[in-house]
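2 protein chains.
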Amino acid sequence: MRVLLVGAGGVGTAVTRIAARRDFLTHMVVADYDPNRAEAAVAALKEHGDRFSARRLDASDEEGVRRLLTEERCDVLLNATDPRFVMPLFRAALEAGAHYLDMAMSLSAPHPERPYEECGVKLGDGQFELAERWADVGRLALVGMGVEPGLSDVFARYAADELFDEIDEIGVRDGADLTVEGYGFAPSFSIWTTIEECLNPPVVYEKDRGWFTTAPFSEPEVFDFPEGIGPVECVNVEHEEVLLIPRWVDAGRVTFKYGLGNDFIAKLKTLHELGLDSTAKLTVPGEDGPVRVSPRDVVAACLPDPAGLGERMTGKTCAGTWVKGTKNGAPREVYLYHVVDNQWSMREYGSQAVVWQTAVNPVVALELLATGAWTGTGVLGPEAFPPRPFLDLLTEYGSPWGLREQN
Amino acid sequence: MRVLLVGAGGVGTAVTRIAARRDFLTHMVVADYDPNRAEAAVAALKEHGDRFSARRLDASDEEGVRRLLTEERCDVLLNATDPRFVMPLFRAALEAGAHYLDMAMSLSAPHPERPYEECGVKLGDGQFELAERWADVGRLALVGMGVEPGLSDVFARYAADELFDEIDEIGVRDGADLTVEGYGFAPSFSIWTTIEECLNPPVVYEKDRGWFTTAPFSEPEVFDFPEGIGPVECVNVEHEEVLLIPRWVDAGRVTFKYGLGNDFIAKLKTLHELGLDSTAKLTVPGEDGPVRVSPRDVVAACLPDPAGLGERMTGKTCAGTWVKGTKNGAPREVYLYHVVDNQWSMREYGSQAVVWQTAVNPVVALELLATGAWTGTGVLGPEAFPPRPFLDLLTEYGSPWGLREQN
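From first to last, the protein sequence lines stand for chains F and E. For the first sequence, position 133 matches number 133 in UniProt numbering, and the numbering has no gaps at all. For the second sequence, position 255 matches number 255 in UniProt numbering, and the numbering has no gaps at all.
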């Protein structure tokens with residue numbers, strides 16, 4: 001299998017390190033807007049010979065991406081850029097006749113009048129609109145194939161197939177106990193993106209109502225995470241799983257809650273109340289007279305770059321899917337989960353835990369597609385495929401998952 | 001009495017409106033860096049004939065200020081600018097042989113090694129260093145003569161003279177229930193200055209220890225404010241009263257606590273944790289490439305200008321001095337206070353409550369100096385003078401004070 005990886009940031013670089021250890025990969029072209037990042041990722045893998053090569057690529061240049069896919073005879077485009085570039089990369093792969101994988105889907109837009117009650121444009125809508133064209137040309141766009149969305153969706157399908165007869169509710173729950181030495185406050189992921197996803201109206205699915213939205217930080221609950229992480233306050237956040245799971249899995253209700261913790265939620269609310277979350281530019285004194293800047297950019301500039309914090313970070317991150325329903329007439333409740341310890345991921349791969357946990361899943365999926373264990377055409381989520389081969393291969397990658405019976 | 005008022009902002013403008021109604025004033029020169037502000041203040045008082053005139057003046061230009069005092073034959077300089085300009089105005093008045101009044105004192109600097117335990121340069125140190133020179137030339141610098149410091153110090157002296165035989169503790173306590181229609185969060189005073197005073201190490205006085213500092217927001221207590229304001233969470237904040245009161249009033253302990261309320265304290269802490277309180281410039285994306293801005297300026301730019309919020313504001317603000325000690329061998333505890341209702345101050349003077357409450361006190365003091373009820377030379381605080389004439393005249397101004405026995 002020949003792969004074009006677009007994006008050599010934290011996740012993209014971890015993808016190369018994980019894929020390098022697997023035989024299914026014939027060649028991976030590592031492309032980035034910044035050629036130094038692509039070359040650094042490839043240079044770190046020189047013992048793997050010429051299986052990796054670096055290219056400069058502008059992810060927003062659809063025609064340039066199509067040309068590169070054709071020139072390099074790539075079977076698949078793996079998108080490891082930020083969600084702004086989903087649509088041009090998705091369309092370029094379709095034009096080139098390549099398969100496509102991503103870890104986040106096309107962006108949403110809130111409902112213009114009732115943003116906290118009704119959906120406007122939903123996450124992934126832009127991609128699902130082209131589903132027929134993908135099916136017609138016999139190519140697969142496997143969307144939302146990171147950890148969340150991604151592994152969480154595989155867990156949902158596994159629960160439906162093997163653990164439950166009927167499912168009342170599926171709730172993806174994400175929590176961590178990561179701390180960064182030397183910083184009172186240092187998010188382990190981009191604050192700009194966190195503000196974006198946490199302040200967008202969260203989406204919820206109910207079988208008799210369809211998709212709808214709520215106010216930010218709604219339905220707070222304390223979820224007890226496994227492997228020593230413990231209880232963390234979680235709130236509704238807009239996430240792809242809520243849009244993907246109900247398309248392939250029968251459930252009464254689907255939610256996504258993010259374990260931000262009380263303290264971080266309070267900080268985000270304060271930023272919002274003070275207008276510091278805004279991306280609209282305002283006028284402030286500069287060094288040579290007034291300048292225009294976006295408050296959210298200033299917040300980001302005040303905090304350390306999370307990509308560089310792996311060495312100072314300790315703790316674990318947990319992604320998982322809580323499922324409630326019945327099996328053989330009896331009530332059942334389970335939490336299917338995957339924990340990565342930052343010390344382990346730094347030692348094994350030199351990658352920060354959150355980044356590594358995102359990166360391992362698309363590599364597992366590529367291997368399943370390469371071996372034919374997973375096949376399909378059209379625009380499909382991870383829950384459209386048989387879950388067992390994925391979960392077994394993830395364990396074979398050295399990163400096992402867990403199941404906790406809740407009662 | 002001929003007065004040079006420097007600063008025609010909110011407080012300065014309110015000073016002109018209050019002074020215009022009193023006969024003791026022969027002439028007031030209203031000076032500002034922005035001549036439009038000075039002229040606007042004077043134009044609003046045209047029914048008062050030529051008792052008021054406007055001038056442009058740079059408060060940092062010591063020689064220019066001295067010249068203006070001499071040209072205009074002013075007896076007194078009243079400083080209504082921000083504390084950065086205390087020292088040049090204070091020195092200019094001394095050079096010109098004029099008396100001097102201000103409402104905030106020269107700035108502090110934290111102790112370089114132990115900022116939250118020991119004082120560095122204290123508020124007012126720069127002014128007290130020149131006390132002998134003021135005494136030698138027989139002129140008075142009446143420092144800290146607003147509401148807090150100012151009226152709060154008069155209350156302290158009144159308690160010592162008339163209400164107590166011995167004082168264990170004097171605690172200035174400031175609280176309000178002001179809200180601004182249409183804003184979830186809108187401070188009634190400059191956020192830039194609030195950050196400055198709240199994040200500086202608070203100073204505390206104890207008789208057997210002298211002055212020392214603590215961590216910001218230390219010793220939280222809920223104080224019950226009178227006239228319907230009710231309980232508000234107060235914390236230690238650096239303020240002039242702690243430095244002034246012990247110089248003239250015998251007390252075991254002196255503190256200043258600001259009724260910021262839980263919510264505002266949490267917001268200030270968040271700004272600090274995220275580094276958004278910083279005045280150091282950092283690099284962020286601008287409209288035409290990177291620019292350098294100070295995060296605190298960006299925070300200020302995100303919030304409405306408090307000077308323009310009077311019309312939308314409702315509620316009351318309370319300044320006062322809580323005193324605990326003994327009288328005739330029995331324990332006693334009182335709160336001496338002054339409340340201004342924003343609706344009243346807007347209707348009567350067109351001035352927002354916090355601004356008006358600050359402005360009325362230096363006008364009362366000027367009148368006491370003009371009539372000879374208060375006399376003195378050197379650098380003196382409000383507590384160096386007999387308190388009764390001040391309190392009676394404040395009541396005559398239509399803004400009475402109150403006394404609450406605490407037990």
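Just so it is clear, CB atoms sit at the ideal spot from N, CA and C, and this is done for glycine as well. Since we're looking at a predicted model, the values are computed, not measured.
Within the stretch 272 to 289 of chain E, those residues whose Cβ lies closer than 8 Å to any Cβ of chain F are, in chain order, Glu273, Leu274, Gly275, Leu276, Ser278, Lys281, Leu282, Thr283, Val284, Pro285, Gly286 and Glu287. With a threshold of 9 Å between beta carbons, lysine 46 of chain E makes no contact with chain F. If you draw a straight line from the Cα of leucine 244 of chain E to the Cα of alanine 300 of chain E, it is about 30 Å long.
For the stretch 134 to 147 of chain F, there are no residues whose beta carbon sits under 9 Å from a beta carbon of chain E. Identification of chain F residues near aspartate 297 of chain E by a Cβ-Cβ cut-off of 8 Å yields Val284 and Pro285, ordered along the chain.
Remark: three or more beta-carbon pairs, one from each stretch, lie closer than 8 Å, so the stretch 278 to 285 of chain E and the stretch 283 to 298 of chain F are flagged as touching. At least one CB of chain E lies nearer than 9 Å to the CB of leucine 303 of chain F. Shown here for histidine 99 of chain F: same chain residues with a beta carbon closer than 8 Å to its own, the five before and five after excluded, namely Asp75, Val76, Leu77, Ala93, Arg139, Leu140, Ala141, Leu142 and Leu369 in chain order. Contact between the stretch 179 to 191 of chain F and the stretch 302 to 314 of chain F is present: 3 or more CB-CB pairs across the two stretches fall below 8 Å. The C-alpha of isoleucine 265 of chain F lies about 56 Å from the C-alpha of arginine 133 of chain E.
Beta-bridge partners assigned by DSSP to valine 299 of chain F: none are found. Put simply, the backbone Cα of proline 400 of chain E is about 34 Å away from that of asparagine 36 of chain E.
Isoleucine 18 of chain E and glutamate 396 of chain E have their C-alpha atoms roughly 12 Å apart. Under the DSSP assignment, isoleucine 191 of chain E falls in the alpha helix (DSSP H) whose first and last residues are 191 to 199. Residue environment: aspartate 165 of chain E is assigned as exposed (fewer than 16 neighbouring CB atoms within 10 Å of its CB, all protein chains considered). The beta carbon of threonine 194 of chain E does not come within 9 Å of any beta carbon belonging to chain F, so the residue lies off that interface.
One Cα belongs to valine 203 of chain E, the other to isoleucine 170 of chain E, and the distance between them is close to 14 Å.
The shortest CA-to-CA distance from phenylalanine 128 of chain F to any of F:Leu163, F:Ala176, F:Thr377 and F:Glu405 is the one to F:Thr377. Interface flag for phenylalanine 217 of chain F against chain E is unset, since no Cβ pair is found closer than 9 Å. Straight through space, the alpha carbons of glycine 144 of chain F and proline 112 of chain F are spaced by roughly 26 Å. When DSSP states are grouped into helix, strand and coil, asparagine 328 of chain F belongs to the coil group. Inclusion of alanine 186 of chain F and threonine 317 of chain F in the CB contact set at 9 Å is not warranted, their separation being larger than that value. Contact between serine 108 of chain E and glutamate 219 of chain E is ruled out by a C-beta separation of about 19 Å, above the 8 Å threshold. If you draw a 10 Å sphere on the C-beta of glutamine 352 of chain E, you find 16 or more other C-beta atoms in it, and that means buried. Serine 294 of chain E has a beta carbon lying within less than 9 Å of a beta carbon in chain F. Note: glycine 289 of chain E is bridge-paired with E:Gly286 in the DSSP secondary-structure output.
When DSSP states are grouped into helix, strand and coil, asparagine 342 of chain F belongs to the helix group. Under the 9 Å criterion on CB atoms, threonine 179 of chain E is classed as non-interfacial with respect to chain F. The DSSP-derived three-state label of alanine 251 of chain F is coil.
Minimum Cα-Cα distance from glycine 329 of chain F among the listed residues F:Ile167, F:Tyr33 and F:Val3 corresponds to F:Ile167.
Contact of glycine 184 of chain F with chain E by beta-carbon distance below 8 Å involves Glu273. Residues of the stretch 252 to 272 of chain F with a C-beta less than 7 Å from any C-beta of chain E: Ala266, Lys267 and Thr270, listed in chain order.
Look at the stretch 361 to 382 of chain E: it has no residue with a C-beta under 9 Å from a C-beta of chain F.
Residue pairing by DSSP places histidine 27 of chain F opposite F:Arg2 in a beta bridge. By alpha-carbon distance to threonine 321 of chain E, the top candidate from E:Leu393, E:Asp153, E:Asp277 and E:Gly10 is E:Asp153. Residues are counted here when their Cβ sits less than 8 Å from a Cβ of chain F; for the stretch 323 to 346 of chain E the count is zero.
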